[in-house]
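*Asks:*
In the working numbering, the protein residues as written are 263 to 421.
#1: What residue does the beta strand (DSSP E) around residue 353 start on, and which one ends it?
#2: Please work out which residues of its chain come closer than 6 Å, Cβ to Cβ, to residue 345, disregarding the five sequence neighbours upstream and downstream, and give them in chain order.
#3: For residue 287, which residues from the same chain have a beta carbon less than 8 Å from its beta carbon, with the 5 sequence-adjacent residues on both sides left out?
#4: Please return the same chain residues whose Cβ sits closer than 8 Å to the Cβ of residue 416, not counting the five positions on each side in sequence.
#5: Note down, in chain order, each residue of its chain lying with its Cβ closer than 7 Å to the Cβ of residue 382, except the 5 sequence neighbours on either side.
#6: Please determine, among 356, 273, 298 and 278, the residue with the shortest C-alpha to C-alpha distance to residue 290.
#7: Here's the rule: buried if 16 or more other CB atoms are within 10 angstroms of the residue's CB, otherwise exposed. What is residue 338?
#8: Where does residue 328 land, buried or exposed, given buried means 16+ other C-beta within 10 angstroms?
#9: Leaving out five residues before and five after residue 404 in sequence, what residues of the same chain have Cβ atoms less than 7 Å from its Cβ?
#10: Apart from the five residues on each side of it in sequence, which residues of its chain come closer than 6 Å, Cβ to Cβ, to residue 369?
#11: Relative to the C-alpha of residue 373, which candidate in 397, 353 and 342 has its C-alpha closest?
#12: Here's the rule: buried if 16 or more other CB atoms are within 10 angstroms of the residue's CB, otherwise exposed. What is residue 406?
#13: Taking the straight line between their C-alpha atoms, what separation do you get for residue 207 and residue 351?
#14: What does a CB cutoff of less than 6 Å around residue 280 pick up in its chain, not counting 5 residues either side in sequence?
#15: How would you write the range of the alpha helix (DSSP H) that residue 281 sits in, first residue to last?
#16: Do residue 298 and residue 270 have their beta-carbon atoms positioned less than 9 Å apart in this structure?
Now the structure itself:
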C-alpha cells in the first residue's frame, strides 16, 4: 500500500509468457498505467519501446533504478504523473494491473485504437468483453482490442 493506493507487482515470468503470446514485438509503444517498480515496463522493453507512468515519486524512482540495473534504460522511460490526466493516444498498447474499477479509463479510451492488457482477475472493464484471456499458473492477462472487432469470439490462451 502506498499513500496513493494499493500496489502489487506482476510476476516477471508470467509477463514474459503473456507478452510473447500477444506478440508484443509487433507493437510500437507500450505504456504501463501505474507502473510501480517498473517490472512490466522492463519486461515489455524486451519486445518494444516501453513507458511507465507512476503517480508515487518513490516508486517511479525505483522503477528508473530497476531499468538502469537491468540495462534497459535506453528502451524505457518513466513519468511521475497520474495517467488519468495524460493523453494516451500515442500508445498502441496500454497495460494495467488495476487496484480499482476501470471506469475512468473506459471513458478515456473512447476513440482510441490499440490493445488494452489487464493483469489479474480483480477489475475488468464493465462494458467490454476480452477477445482473449491468457493464463499461466495462477496468473491471468485479459486482452481487449479497440475499436472492438465485430464478430470476434472469446478465445482462451492457456500455457
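All residues carry an ideal CB built from backbone N, CA and C; glycine is no exception.
*Replies:* Once the coordinates are examined:
#1: No beta strand (DSSP E) holds residue 353; DSSP gives it neither H nor E.
#2: 295 and 315
#3: Sequence-distant Cβ neighbours of residue 287 in its own chain, meaning closer than 8 Å and more than five residues away, are 309 and 310.
#4: The predicted model places residue 416 with a pLDDT of 44, which falls under 50 and marks its position as unreliable; any figure quoted below should be read in that light. Result list for residue 416: 391, 392, 393, 394 and 395, in chain order.
#5: Cβ neighbours of residue 382 beyond the five flanking positions: 359 and 402.
#6: With distances taken between Cα atoms, residue 290 lies closest to 356.
#7: buried
#8: buried
#9: 380, 386, 392 and 395
#10: none
#11: 353
#12: buried
#13: The displayed coordinates of the chain run from 263 to 421. Any statement about residue 207 would go beyond what the structure contains.
#14: 396 and 403
#15: Annotation for residue 281: the continuous alpha helix (DSSP H) segment containing it runs 274–283.
#16: yes
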